[in-house]
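First up is the structure itself, then whatever we jot down about it.
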Amino acid sequence: MEEIQSLIGGFAVALSWFNVALMLAGISLGVLIGVLPGLGGANGVAILLPLTFTMAQQPGGATSAIILLSCIYWGALFGGAITSILFNIPGEPWSVATTFDGYPLAQKGRAGAALTAAFSSSFVGALVAVILITFISPVIAKFALRFGPPEFFSVYLLTFCAFVGMSKGAPFKTVAAMMSGFALAAVGIDTVTGQLRLTFDIPELLKGFDFLIAVIGLFGIGEILLTIEEGLEFKGTRAKLDMKVVIETWKELPRYWRTSVRASFVGCMMGIVPGGATPASFMSYGLAKKMSKDGELFGTGMVEGVVAPETAAHAAGTSALLPMLTLGVPGSPTAAVLLGGLLIWGLQPGPLLFTEQKDFVWGLIASMYLGNIVGLIVVLTCVPLFAAILRVPFSIIAPVILVICAIGAYTVHNSMFDVWLMVAFGVLGYVFKKLDYPMAPLVLALVLGDRAEDSFRQSMLGSGGDLSVFFANGLVGTITGLSLLLLFWPLISQGIALLRDRHGNGGK
Amino acid sequence: MDEKKPVASVRAAESVVALAFLVFGLVVVWDSRRLGAEWGSDGPQAGYFPFYVGLLVCVSSVANLLRAIGMGEKGKEAFVEWGQLRMILVVMIPTVIYVALIANPWFSMGIYAASTLFIAIFMYFLGKYTWRRIIPVSVGTMVFFFLMFEIWFKVPLPKGPLEAAFGFN
Chain A
1 MEEIQSLIGG FAVALSWFNV ALMLAGISLG VLIGVLPGLG GANGVAILLP
51 LTFTMAQQPG GATSAIILLS CIYWGALFGG AITSILFNIP GEPWSVATTF
101 DGYPLAQKGR AGAALTAAFS SSFVGALVAV ILITFISPVI AKFALRFGPP
151 EFFSVYLLTF CAFVGMSKGA PFKTVAAMMS GFALAAVGID TVTGQLRLTF
201 DIPELLKGFD FLIAVIGLFG IGEILLTIEE GLEFKGTRAK LDMKVVIETW
251 KELPRYWRTS VRASFVGCMM GIVPGGATPA SFMSYGLAKK MSKDGELFGT
301 GMVEGVVAPE TAAHAAGTSA LLPMLTLGVP GSPTAAVLLG GLLIWGLQPG
351 PLLFTEQKDF VWGLIASMYL GNIVGLIVVL TCVPLFAAIL RVPFSIIAPV
401 ILVICAIGAY TVHNSMFDVW LMVAFGVLGY VFKKLDYPMA PLVLALVLGD
451 RAEDSFRQSM LGSGGDLSVF FANGLVGTIT GLSLLLLFWP LISQGIALLR
501 DRHGNGGK
Chain B
509 MDEKKPVASV RAAESVVALA FLVFGLVVVW DSRRLGAEWG SDGPQAGYFP
559 FYVGLLVCVS SVANLLRAIG MGEKGKEAFV EWGQLRMILV VMIPTVIYVA
609 LIANPWFSMG IYAASTLFIA IFMYFLGKYT WRRIIPVSVG TMVFFFLMFE
659 IWFKVPLPKG PLEAAFGFN
């Protein structure tokens with residue numbers, strides 16, 4: 001029970017007045033970010049990251065900084081549900097499934113019940129995932145201490161193959177976006193040979209592309225352009241959330257415990273695999289629809305139809321931090337931004353974090369418990385306030401968000417070139433979104449590009465250019481094999497379907 | 509002009525984007541070849557990894573291009589309509605002017621003054637607000653940001669003559 005002891009130590013770190021105040025600020029800011037169009041978890045955290053540079057310099061400051069940023073993330077996850085239910089606008093891709101039953105519920109006048117169910121089940125999902133992180137991550141970290149470059153490269157490979165295999169759209173679009181991310185990551189000075197790559201004598205390109213700029217542009221400006229295309233009006237239902245509705249809904253919720261358990265399980269499993277939160281929410285909704293006795297009524301406004309996707313999405317969103325902490329491989333764009341923060345503050349994510357930065361890791365894990373409790377209280381009490389913000393006309397919100405994005409892009413490196421780059425990424429984000437090119441793989445490739453390349457080169461150096469090093473022992477072979485299975489999963493599943501079809505026809 | 513008239517079809521947009529990816533991939537491949545994409549005396553050369561990355565961009569963009577050309581009815585749908593494009597330009601053009609105003613070689617306004625102006629213009633033309641509503645919102649927002657960045661968090665942002673007049677440089 002070493003973990004429990006470490007966790008208690010973590011609570012001692014997280015429970016200082018300063019850190020609790022940061023949690024409150026982070027959650028409120030996060031919900032605000034989740035509610036506003038154009039600001040989501042990933043770019044919200046990216047914009048606020050530079051504000052933590054000075055904070056992280058002080059002793060113990062890195063823990064406070066990660067508490068602030070991760071609480072913004074929890075807040076944004078909670079906030080996504082508000083827009084889905086009241087305005088039928090999913091704030092994040094994984095809130096899409098919440099609109100299926102959440103919005104009809106709101107139209108029936110049960111917005112309060114839908115919101116309570118969404119927040120409570122988000123809390124349950126997150127809690128299960130945090131418990132998982134508490135007990136599993138030290139084990140994985142200890143295990144990963146044995147990893148060499150080939151093992152690390154195979155984990156990166158798994159991450160990226162998972163994106164191709166699990167993407168809903170065309171696999172080649174995922175590959176094109178992802179590989180472009182790798183190419184952009186290669187721009188600048190090569191760390192090994194010191195040569196200039198892909199800079200074409202343009203001085204601004206020497207320092208390469210910063211993924212924070214890409215995140216702010218792709219997710220921020222791109223989102224604003226998409227919203228504007230739809231027109232400037234928001235049409236939403238009013239929300240009132242009094243204690244009576246909350247308690248009545250809480251009485252109803254235990255009935256759906258089976259759905260909750262299933263959804264938490266699906267969420268945790270899919271969350272560890274990158275890009276998993278969105279499929280997790282859909283999968284959980286589908287499962288609940290199939291297995292619930294009210295299955296046919298799903299889509300007309302069932303509380304159970306809100307519980308299933310929200311629990312899974314939060315479980316997935318939270319457990320996405322597990323591979324980030326233990327292996328240094330983020331599972332989602334927001335986790336990638338948090339990882340970027342760690343690197344900027346001078347911490348090396350990966351297995352060593354658990355032995356060298358015990359206070360930091362356990363402070364963060366403890367803050368996950370506390371942050372979600374604080375989050376639940378904040379969202380349950382402040383819904384009308386946040387919904388009111390959505391009623392501020394878009395002609396005020398849009399320019400303010402554009403200004404915030406510009407400031408955020410500038411502060412990363414104090415460079416105007418980055419602001420222009422952000423505008424360019426914004427246009428790219430708009431086109432990507434309209435044509436179903438996925439943005440998450442591009443961002444992750446941009447973040448992990450250098451590290452993936454380093455581990456690849458080191459493995460190749462060790463083996464003298466022989467690719468069989470990625471199958472050299474059981475461990476690396478299994479991960480590589482799993483990656484290839486995921487990579488070709490679209491083909492394999494098609495093949496299975498074809499075989500089954502033929503078999504079915506042959507039987508007739 | 510008919511607002512619902514499409515500017516470009518999905519097929520056209522898909523093809524253009526796939527071709528852009530192809531050009532990008534070719535540039536990466538070309539520059540990696542220049543650096544050396546082979547196995548040098550001391551291990552992989554600088555262009556080794558980007559070369560294959562660029563190659564994969566090329567291959568997948570050709571696949572995307574073929575898929576775009578082979579699109580059925582869905583390819584004929586509108587990628588963007590005139591009315592939508594107009595709205596996007598109404599936002600993008602002021603944004604570009606705004607970024608240019610923050611800092612340029614001739615006259616740099618600084619981020620605070622340019623942002624105040626940007627929010628005000630946006631509210632005036634798109635929101636049709638009166639100046640009595642516009643000025644408090646635009647000036648108030650930027651004064652708040654000024655306090656937050658320059659005073660509380662001590663993150664310096666580009667400043668212009670206005671801030672200099674108040675003694676902030």
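Which chain is which? The protein sequence lines are A and B, in order. Under the numbering used here, think of the first position of the first sequence as 1, with each following residue one higher. Under the numbering used here, think of the first position of the second sequence as 509, with each following residue one higher. All residues carry an ideal CB built from backbone N, CA and C; glycine is no exception. Treat the numbers as computed from the prediction; the structure is a model and nothing was measured.
Within the region 119-206 of chain A, the complete alpha helix (DSSP H) segments of 4 residues or longer fall at 149-166, 171-186, listed in chain order. Interface flag for Pro-514 (chain B) against chain A is unset, since no Cβ pair is found closer than 8 Å.
Comparing C-alpha distances from Ile-610 (chain B) to each of B:Phe-529, B:Ile-619, B:Ser-523 shows the shortest one belongs to B:Ile-619. CA-CA distance, Trp-590 (chain B) to Ile-213 (chain A), rounds to 30 Å. Taking C-alpha positions only, Glu-229 (chain A) is separated from Asp-454 (chain A) by approximately 42 Å.
With contact defined as three or more Cβ pairs closer than 8 Å, the region 599-613 of chain B and the region 404-423 of chain A are in contact. For the C-beta of Ile-577 (chain B), not a single chain A residue is nearer than 9 Å; the gap to the nearest is close to 14 Å. Pairing Gly-301 (chain A) with Ile-27 (chain A) gives a Cβ-Cβ distance that is not under 8 Å. Under the DSSP assignment, Pro-50 (chain A) falls outside any beta strand (DSSP E); it carries neither an H nor an E label. When 8 Å is used as the limit between beta carbons, Arg-451 (chain A) is near no residue of chain B, the shortest such separation being about 12 Å. Each residue's CA atom was taken as its position, placing Pro-644 (chain B) and Pro-664 (chain B) some 24 Å apart. As the crow flies, the alpha-carbon of Phe-123 (chain A) is around 19 Å from that of Phe-386 (chain A).
The DSSP-derived three-state label of Ala-554 (chain B) is coil.
Contact of Val-419 (chain A) with chain B is assigned, a C-beta pair being separated by under 8 Å.
Rounded to the nearest whole angstrom, the C-alpha separation of Val-423 (chain A) and Lys-358 (chain A) is 40 Å. Contacts between Glu-522 (chain B) and chain A, judged by CB atoms closer than 9 Å, involve Leu-435 in chain order. For Ala-214 (chain A), the enclosing alpha helix (DSSP H) starts and ends at 211-215. Counting along the chain, the unbroken alpha helix (DSSP H) around Phe-456 (chain A) starts and ends at 440-463. Here Pro-514 (chain B) is bridged, per DSSP, to B:Glu-589.
Not a single C-beta of chain A is nearer than 8 Å to the C-beta of Phe-676 (chain B). Put simply, the backbone Cα of Leu-448 (chain A) is about 8 Å away from that of Val-329 (chain A). A direct Cα-to-Cα measurement between Trp-257 (chain A) and Thr-318 (chain A) gives close to 20 Å.
Residue burial annotation: Ser-483 (chain A) is buried, with at least 16 other C-beta atoms found within 10 angstroms of its C-beta. Each residue's CA atom was taken as its position, placing Pro-552 (chain B) and Val-215 (chain A) some 31 Å apart. Within the region 628-644 of chain B, the residues whose Cβ lies closer than 7 Å to some Cβ of chain A are Phe-630, Met-631, Leu-634, Gly-635, listed in chain order. Chain B places a beta carbon closer than 8 Å to that of Asp-190 (chain A), counting this residue as a contact. DSSP places Tyr-285 (chain A) in the uninterrupted alpha helix (DSSP H) bounded by 277-291. Not flagged as an interface residue toward chain B: Glu-223 (chain A), since no C-beta distance is shorter than 8 Å.
Only Pro-393, Phe-394, Ser-395, Ile-396, Ala-398, Pro-399, Val-400, Leu-402, Val-403, Ile-404, Ala-406, Ile-407 from the region 380-409 of chain A bring a Cβ to less than 9 Å from some Cβ of chain B.
Beta bridge pairing from DSSP links Gly-548 (chain B) with B:Gly-551. DSSP places Gln-348 (chain A) outside both helix and strand once states are collapsed to three, so it counts as coil. A:Met-368 is the residue among A:Thr-193, A:Ala-65, A:Met-368 whose C-alpha sits nearest the C-alpha of Phe-11 (chain A).
Closest in alpha carbon position to Phe-657 (chain B), among A:Thr-480, A:Ala-445, A:Gly-408, is A:Gly-408. Here Phe-219 (chain A) has Gly-40, Ala-42, Asn-43 as same chain residues with Cβ atoms under 6 Å from its own Cβ, once five neighbours each way along the sequence are excluded.
According to the DSSP assignment, Asn-19 (chain A) belongs to the alpha helix (DSSP H) that extends over 17-35. Spatial neighbours of Val-412 (chain A) in its own chain (CB-CB distance under 7 Å, excluding positions within 5 residues in sequence) are listed in chain order as Pro-50, Asp-210, Leu-212, Ile-213, Asp-418.
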